[in-house]
Amino acid sequence: MADEATTTPLLVSYKAKPAKAPSIDDAIETYIGATGAGQLFKAILLAFAWAFDAQQVFISVFTDAEPRWHCTAGADPSCSPGAASPCALPPGAWAWDRPAETSVVSEWALKCAGPALVSLPASSFFAGCLAGGFLLTTLADSLLGRRKMLLVSLASMSVAGVLTAFSPNVWAYAALRFVCGFGRSMVGTCALVLSTELVGKRWRDTVSVAGFVCFTVGFLSLPALAYTFREASWRSMYLWTSLPSLGYAILLYFLVQESPRWLLVRGRKHDAIETVRQIAALNGGGGITCSFSMLHACATEREDDAAGGAGGGGGGVFATLRSMWERRWALRRLAAIMTASFGVGMVYYGMPLNVGNLGSNLYLSVTYNALAEFPSSVLSWLLMGRINRRSSVVALTAAAGVCSLACVAIPEGTGGRMAAEVLSFFATCTAFNIILMYSIELFPTSVRNSAVGMVRQALVLGGVAAPMLVALGRERSFWSFGVFGLAVGCLGLFAVCLPETRGRSMSDTMEEEEHKEAAAAIGDMDSNADLV
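Quick note on numbering: my numbering labels position 244 of the sequence shown as 1160, and the sequence is numbered without any gaps.
The following block contains the structure:
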């Protein structure tokens, strides 16, 4: 009797809760196993898109540079090397130090046409980046997906770059720079999101940092190319950066798969399973014949969410933006990180343009700034693994602000000013990297590409404001270094409004993120109650 009593199951009066479907993160990792060398290679190959992105962002530092000039032999007595501008001198009294075709400024005689026309191509590029970011950012989450959007962006950016080399005048040049910026707007975002979604949790931070390292490689290649072609036409720069980019896009078309996470969120279950099967085979699981029941369960739950109007995968092109707009927590996060990003972008894009105000060699100054990105990528990787994201952003933006303000007080042409500028740029680069990785973790898969795209547009918007400040800074350094420092230091404080994400798994839908938020709030209340 005793044995019978102990083995008889107890009857319960309550109804058991249905088992919750596994998260997409857990399901995918279950089937693909550990990220193998082949899959890691593909993720890093994707990250190399950042190198071509960097080249198009900073190429105008050299192609649109204002060349040095000199007085010609037997010139007018009024010509002197110390003159601020040769525009008031009679024709033939001065000449460029190098052939006129080395820069658009000298080839099209823009030197005396006014600062508005000189800055038009660069302004057009950033305007294209903004327009493309706002118009294309939702397509990677809705219709096209990460892979197709990346390929379209790379192809359009590359073709526009090749055509730019054949520009007949400054107006065509500015128009093609706008098209190039429009296409380039989604390259970094799609490469970052797709590469991190194709690997397991363990490798996400490493793959993210690989993208930033590749950006540095692209940035560093520019002074090397510019020095190589210093006596050749500026058109060579566009050909040598755009043709390899086009070949790279063709290579990605044959080698890289779509994100299985995005496929599941969009309800494309069979495509997602086939992609997971390919990844598993690449990681050493070539004999997989299982039923993928966990992925079926995930897909069924996402389809139910979409049918119920939840933040799943349906609703049209702008459904992702509407989904964030309707939720206060998502809107608050997006507003806070975009505000901090604006200040970071102003310094990140403005400092390389401002190196001419340091009174040093252009090639070396740009090289020093590019080299500062290497240790910043390593530091980003170390901080992401060991320190909270929120406190890292606040500390780095404060440090960048202090160093930039120090440039106002340090005399021009000194090594101290150059060191302060490089330190400010180094801290800004690190904050830039962490903000992009932070934004990936702050938003679920269903809206992630759109959210990261919006954050990048805030960074670019800061870059749009930078050229005017650089021009004003030629007369008084406070308008460049001073405003840069105040902007990045003060706006970086908005990161305090964001939740900490270190150690958390990534959500797939808005509802899943809301459940995590509620659970975290309950946990905080329980902790406070224990303290009381």
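Where a beta carbon is used, it is the ideal one built from N, C-alpha and C, also for glycine.
This one's a predicted model, so the numbers in the text were calculated from it and none came from an experiment.
Taken atom to atom, the span from the alpha-carbon of tyrosine 1154 to that of leucine 1299 is near 36 Å. Leaving aside the five residues that flank arginine 1333 on each side, the residues in its chain whose CB is nearer than 6 Å to its CB run, in chain order, Cys1323 and Ile1326.
For the set Thr1417, Gly1379 and Val1376, the Cα lying nearest the Cα of isoleucine 1350 is the one of Thr1417. Distance from the Cα of serine 1320 is smallest, within the candidate group Leu1388, Ser1257, Pro1415 and Gly1401, for Gly1401. Distances from the CA of leucine 1409 to each of Gly1259, Arg1062, Gly1008 and Leu1278 were compared; the closest alpha carbon is that of Gly1259. For leucine 1092 against leucine 1079, the beta-carbon gap comes to about 5 Å, under 8 Å, which counts as contact. Checking the DSSP bridge columns, you'll see histidine 986 partnered with Ala1011.
Below 8 Å, too few C-beta pairs join the region 1006-1018 and the region 1311-1318 to call them touching: fewer than three. Around the beta carbon of proline 1007, fewer than 16 other beta carbons sit within 10 angstroms, so the residue counts as exposed. In the structure shown, glutamate 1289 adopts helical secondary structure according to DSSP, grouped into three states. In this structure, valine 1263 and serine 1340 form a Cβ contact; the two beta carbons are roughly 7 Å apart against a cut-off of 8 Å.
Contact annotation, phenylalanine 1145 with serine 1137: C-beta distance approximately 12 Å; criterion of less than 8 Å not satisfied. Assignment of phenylalanine 1082 by DSSP, reduced to helix, strand and coil, places it in the coil class.
Counting only the Cα atoms, alanine 1251 lies some 25 Å from aspartate 969. Between lysine 1027 and valine 1380, the alpha-carbon positions lie close to 21 Å from each other.
In the DSSP assignment, cysteine 1323 falls within the alpha helix (DSSP H) that extends over 1305-1325.
The beta carbon of arginine 1248 sits closer than 7 Å to the beta carbons of Cys1413 from its chain, once the five residues preceding and following it are set aside; these are given in chain order.
Contact check between the region 1281-1295 and the region 1356-1364: fewer than three CB pairs, one atom from each, fall below 8 Å, which does not count as touching. Residues of the same chain with a CB within less than 7 Å of the CB of valine 1376, apart from the 5 flanking positions on each side, are Phe1042, Cys1045, Leu1046, Gly1049 and Gly1261 in chain order.
In this structure, glycine 1077 places its C-beta atom within 8 Å of the C-beta atom of threonine 1157. Three or more beta-carbon pairs drawn from the region 1106-1122 and the region 1171-1178 are found closer than 8 Å, and the two stretches are therefore classed as touching. Pairing alanine 1256 with leucine 1407, the inter-Cα distance amounts to about 5 Å.
In the three-state reduction of the DSSP assignment, leucine 1005 falls in the coil class. The C-beta of glycine 1419 has fewer than 16 other C-beta atoms within 10 Å across all chains shown, which makes the residue exposed. Valine 1371 places its beta carbon 8 Å or farther from that of leucine 1388.
Distance from the Cα of proline 1360 is smallest, within the candidate group Glu1428, Phe974, Trp1241 and Trp985, for Glu1428. For serine 1175, there is no enclosing alpha helix (DSSP H), as DSSP gives it neither H nor E. Counting along the chain, the unbroken alpha helix (DSSP H) around methionine 1254 starts and ends at 1244-1269. Lys958 is the residue among Lys958, Leu1159, Phe1348 and Glu1017 whose C-alpha sits nearest the C-alpha of leucine 1114. The three-state reading of DSSP puts alanine 965 in helix, counting H, G and I together. Restricting attention to Ala963, Thr1122, Ser1019 and Trp1024, the CA atom closest to the CA of leucine 1066 is found in Ala963. Straight through space, the alpha carbons of alanine 1140 and leucine 1051 are spaced by roughly 34 Å. Secondary structure note for isoleucine 1356: its alpha helix (DSSP H) is the uninterrupted segment 1331-1358.
The C-alpha of histidine 1186 lies about 49 Å from the C-alpha of alanine 1142.
Burial is judged here by how many other beta carbons sit within 10 angstroms of a residue's own beta carbon; proline 1383 has at least 16 and is buried. Shown here, alanine 1196 sits in a helix according to DSSP, grouped into three states.
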